[in-house]
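Counting in my numbering, the sequence shown runs from 44 upward without gaps.
Cβ atoms here follow ideal geometry from the backbone N, Cα and C, with glycine treated the same way.
Inspection log for the structure reproduced underneath, given as C-alpha cells.
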Amino acid sequence: MRHDDFPAGSVWLVGAGPGDPELLTGKALRLIAAADMIFYDALVGPAVLDLIGPGTERICVGKRSGRHSKDQATIDSLIVAAARSGARVVRLKGGDPAIFGRTAEELAACRAAGVPVRICPGITAASAAVASAGASLTLRGVARRLTFVTAHVRADSPLDLDWRTLAAPDSTLAVYMGRAAAATVARQLIAAGRAPDTPVLVVVNAALPDERILRGRLSALAFLVETVSDDDPAMLVIGEAVAATAPQATDRVSRSCASA
Ligand SMILES: C[S@@+](CC[C@H](N)C(=O)[O-])C[C@H]1O[C@@H](n2cnc3c(N)ncnc32)[C@H](O)[C@@H]1O
C-alpha cells in the first residue's frame with residue numbers, strides 16, 4: 044500500500060503503547076520505519092526502541108516524573124527545528140499521546156511554526172493494566188463511569204481533585220502517576236464517601252517483562268504501593284469492575300491485602 048501521509052518536514056506524535064512491541068499499532072510501526080528522527084520519552088519500552096532502524100537518528104528527551112531531562116519548551120523547539128530541517132519526525136510517547144502526554148503543547152508548537160503534525164493513537168497504560176490483570180475498566184450496571192486522572196502535582200501544590208465526584212460508587216478511577224500520592228488518594232476518596240473495601244488494582248510495569256500485579260482494597264492502597272519503586276511506572280485502578288473477574292497472577296503483597 045502506498046502512503047503519502049509522512050512527507051519530509053512533518054511530525055507525527057506516535058503512541059508507543061505500554062512497552063510490549065506487540066501492542067504497537069501497525070501504523071506506529073510504519074511511521075517508526077519511515078522516520079528520519081525519533082524523539083522518545085523515558086517510558087518508551089526498550090523492546091520498542093529496538094525496532095528503530097540503524098539509519099534513523101534517535102534522541103531521548105527522557106521525561107519521567109520529577110526528573111525531566113529536557114523541559115517541554117526545549118522538546119517543542121527540538122521537534123520543530125528537526126522538521127524545519129526537512130526531516131520526517133516521529134515524537135514517540137509512552138501509551139497514548141493524548142493522555143497525560145503534553146500533546147497539546149507539541150501540537151501548538153508545530154502549528155505555530157507551520158509544521159504539519161498528526162497523531163497516531165496508542166494503547167494507554169490503564170487499558171494495558173486491566174488487560175494484564177484479566178479485568179475490565181467498566182462493568183455493566185455497576186461501573187458506568189470511567190475517569191482518567193493524574194495524581195502528579197508540582198512539589199509545592201496540594202492534590203486538589205474533585206473528590207466527591209471521584210468517589211461515586213458507580214465509577215472506575217484510573218490513576219496515572221499515582222504511586223507517591225496513593226495514601227492521599229485513598230484517604231480523600233474514603234473521606235468523600237467511597238467504601239474502604241472498594242477493590243483496587245495496582246499494575247507495575249504493565250506489559251513489560253518485569254510486570255507486577257497487586258490487588259487489594261482501597262483502605263490498604265498505601266500499603267499495597269509500598270513495594271513499588273519510584274523508578275517503575277504504576278497504574279492504580281480503583282472500583283468494583285477490577286474485582287469482577289477471578290484474580291490471575293498475583294504476588295505475595297496482593298494476597299496479604301486481599302482481606303484488608
Ligand atoms: C506521563 S504519564 C503518560 C501516560 C501515557 N500517555 C499513557 O497513555 O499510558 C506516565 C504514567 O503512566 C502510567 N504508565 C505508563 N506506562 C505504564 C506501564 N507500562 N505500566 C504501568 N503504568 C504505566 C504510570 O502511571 C506513569 O507514571
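Inclusion of Thr167 in the 7 Å shell around ligand 1 follows from its C-beta lying nearer than that to a non-hydrogen atom of the ligand. Not one heavy atom of ligand 1 is found less than 7 Å from the C-beta of Tyr83.
Rounded to whole angstroms, the separation of the alpha carbons of Arg73 and Asp47 is 12 Å.
The beta carbons of Leu251 and Gly88 sit closer together than 8 Å.
Bridge pairing for Met80: Glu100, Val132 [DSSP]. For Gly138, the Cβ falls inside the 7 Å cut-off from some heavy atom of ligand 1. Sequence-distant Cβ neighbours of Ser112 in its own chain, meaning closer than 6 Å and more than five residues away, are Gly105. When secondary structure is reduced to three states using DSSP, Val268 falls in the helix class. Taken in chain order, the whole alpha helix (DSSP H) runs of length 4 or more contained in the region 205 to 257 are 206 to 209, 225 to 234.
Under the DSSP assignment, Val173 falls in the alpha helix (DSSP H) whose first and last residues are 168 to 176. The closest heavy atom of ligand 1 lies less than 7 Å from the beta carbon of Ala171.
A residue is called buried once 16 or more other Cβ atoms fall within 10 Å of its Cβ, and Ala152 is buried on that count.
With respect to the 8 Å criterion, Val228 and Ala277 are not classified as neighbours on the basis of their beta carbons. In the three-state DSSP reduction, Arg161 falls in the strand class (E or B). Assignment of Thr146 by DSSP, reduced to helix, strand and coil, places it in the helix class. Closer than 7 Å to some heavy atom of ligand 1: that does not describe the Cβ of Ile162.
Just so you know, the alpha carbons of Ala286 and Val243 end up roughly 8 Å apart.
Closest by C-alpha distance to Val185, out of Pro212, Arg127, Ile81, Asp240, is Pro212. With 16 or more neighbouring CB atoms inside 10 Å of its own CB, Arg258 falls in the buried class. With respect to Thr215, Ala265 sits apart: the two C-beta atoms are not nearer than 8 Å.
Residue pairing by DSSP puts Phe191 in a beta bridge opposite Ala217.
Between the C-alpha atoms of Ala71 and Ala234 there is a straight-line separation of about 43 Å.
Each of Leu204, Gly138, Arg197 was checked against the Cα of Pro61, and the nearest Cα belongs to Gly138.
Ala141: not part of any beta strand (DSSP E); DSSP gives it neither H nor E.
Within the same chain, Leu264, Ala265, Val268, Leu279 come within 7 Å of Ala225 by CB-CB distance, once the 5 residues on both sides are set aside. In this structure, the straight-line span from the alpha carbon of Thr241 to that of Asp63 is close to 30 Å. Assignment of beta-bridge partners to Leu56 by DSSP yields Arg134, Ile162.
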